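In the numbering used here, the protein residues as written are 274 to 369.
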């Protein structure tokens with residue numbers, strides 16, 4: 274069962290260190306990042322999520338990101354739209 278990380282509605286620069294630390298502590302297994310409440314995603318937090326996705330892939334762990342529409346928009350603006358696009362399909366709120 275993946276570790277679930279619930280994201281707050283605002284992920285700006287002031288949240289980047291905490292998010293990076295939280296993702297680092299969870300790096301030893303599968304991750305489900307729940308960003309359904311996110312209304313604002315800053316560059317540093319997007320970078321932390323991308324780094325976590327890369328680390329998970331290198332360790333053969335699953336990384337799923339469930340992104341709100343606003344979060345997907347911010348990721349697209351940063352050139353990272355694929356980060357959310359491949360992980361959002363058919364999320365029911367339950368982990369399997």
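Glycine included, each C-beta is placed from N, C-alpha and C at the ideal position. All values derive from a computational prediction rather than experimental measurement.
Beta strand (DSSP E) segment containing residue i, residue limits
i, result
"residue 340", "336-340"
For residue i, three-class secondary structure by DSSP
i, result
"residue 310", "coil"
"residue 303", "coil"
"residue 369", "With a pLDDT of 37 at residue 369, under the threshold of 50, the predicted position of this residue should be treated as unreliable, and no value is reported."
"residue 279", "strand"
"residue 350", "helix"
Alpha-carbon to alpha-carbon, residue j and residue i
i, j, result
"residue 298", "residue 318", "16 Å"
"residue 342", "residue 290", "24 Å"
"residue 303", "residue 347", "24 Å"
"residue 286", "residue 274", "30 Å"
Endpoints, alpha helix (DSSP H) assigned at residue i
i, result
"residue 290", "289-298"
"residue 316", "316-331"
Close Cβ partners of residue i (< 6 Å) along its chain, the five nearest in sequence each way excluded
i, result
"residue 306", "278 and 338"
Close beta carbons around residue i, own chain, < 7 Å, minus the five adjacent residues each side
i, result
"residue 321", "289, 292, 293 and 296"
"residue 282", "310, 311 and 312"
"residue 314", "284, 344, 347 and 348"
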